[in-house]
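The next block holds one structure in the form of structure tokens; read it before the comments.
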């Protein structure tokens, strides 16, 4: 969109484009979010299972991240009437629409890391 | 990668995948970075031009973001021997490899915003 500067100002169309990119960045950002999504990719999980699998995440952070993913329609939260209560988290179909993007990011990130390491070695 | 949990633990292969995704998120993240990249997409710019076009960015933040983009090989910085000195920033060929990703993010972010607004209207 950068080739559409009009009189040196950014047209509204481009601003909407940036906003849309930043919306996606916001959804995916954070150390844990992509990891939680991927972890739920293998099927629904209970809270404690998630905490065990996503090594290093604290309970407050896990709850916060799960809540954010739920608000954005990427996971569902189901409370089972067991004693004690069991809470299960499951990926929505909608969440799978992110897969091509995260795969693309993984590919770019991988080549970027290799490029940076190579350049450091040459120096 | 989520379907590859082995004994409930995340295999190293998947950890590398998450790391690669986070590397890309790190490069693109921040309110301004994508905007600066897009702005330079229309050709090289001087520092003051960038500050004018990227409305609302402060000089400290702009310098910080430009420095980060330079370190990551996405832009080049050229000092011209004018009086006073002119500094020009230009996108590298490498930076253009990010375009399919940012376009994909813009498309997903756009539909996500529309979805969220639609759901809020229904409620």
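Protein chains in written order, with this note's numbering: chain H, 1399 to 1521; chain G, 1399 to 1521. Think of the CB as a built atom: it goes at the ideal place given N, C-alpha and C, for glycine as much as any other residue. The structure presented is a predicted model; accordingly, all values stated were derived computationally and were not measured.
### Query
In chain order, what residues of the same chain lie with their CB nearer than 6 Å to the CB of residue 1445/H, ignoring the 5 residues before and after it?
The beta carbon of residue 1445/H is closer than 6 Å to those of 1485 in its chain, skipping five residues each way along the sequence.
### Query
Helix, strand or coil: which one does DSSP assign to residue 1458/G?
Residue state, collapsed to three classes: helix.
### Query
Which residues in chain H sit within 9 Å of residue 1494/G, going by Cβ to Cβ distance?
Under the 9 Å cutoff, chain H gives no residues; its nearest Cβ is about 10 Å from residue 1494/G.
### Task
Report yes or no: do three or more beta-carbon pairs, one from the segment 1504 to 1520 of chain G and one from the segment 1504 to 1515 of chain H, lie closer than 8 Å?
Judged by Cβ distances under 8 Å, the segment 1504 to 1520 of chain G makes no contact with the segment 1504 to 1515 of chain H, as fewer than three pairs qualify.
### Task
Name, please, each residue of chain G whose Cβ falls closer than 8 Å to the Cβ of residue 1419/H.
Chain-order list of chain G residues neighbouring residue 1419/H: 1426, 1432, 1500, 1503, 1504 and 1507, by C-beta distance under 8 Å.
#### Entry: Residues that DSSP places opposite residue 1473/G in a beta bridge
Bridge partners of residue 1473/G: 1489/G.
### Query
If we count the other Cβ atoms within 10 Å of its Cβ and call it buried at 16 or more, is residue 1448/G buried or exposed?
Buried is the call here.
### Query
Hey, out of 1475/G, 1501/G and 1417/G, whose CA is closest to residue 1490/G's CA?
That would be 1475/G, whose Cα lies nearest to the Cα of residue 1490/G.
### Query
Of all the beta strand (DSSP E) runs that stay within the bounds of the segment 1409 to 1448 of chain G, which reach a length of 3 or more residues?
For the segment 1409 to 1448 of chain G, not a single whole beta strand (DSSP E) run of length 3 or above is found.
### Query
Does any C-beta atom of chain H lie closer than 8 Å to the C-beta of residue 1442/G?
Chain H contact via Cβ: absent.
### Query
In this structure, does DSSP put residue 1500/G in helix, strand or coil?
Three-state result, residue 1500/G: helix.
### Query
Taking the C-alpha atoms as reference points, what is the distance between residue 1477/G and residue 1502/G?
Separation of residue 1477/G and residue 1502/G (C-alpha to C-alpha, rounded to the nearest whole angstrom) is 34 Å.
### Local conformation of residue 1519/H per DSSP, three classes
In the structure shown, residue 1519/H falls within a helical segment according to DSSP collapsed to helix, strand and coil.
### Query
Can you list the residues of chain H that residue 1474/G reaches, using a CB-CB cut of under 8 Å?
The premise fails here: residue 1474/G is roughly 14 Å from chain H at the closest Cβ pair, so nothing lies under 8 Å.
### Task
For chain G, find out if any of its Cβ atoms is closer than 8 Å to the Cβ of residue 1422/H; answer yes or no.
For residue 1422/H, the nearest beta carbon of chain G is closer than 8 Å to its own beta carbon.
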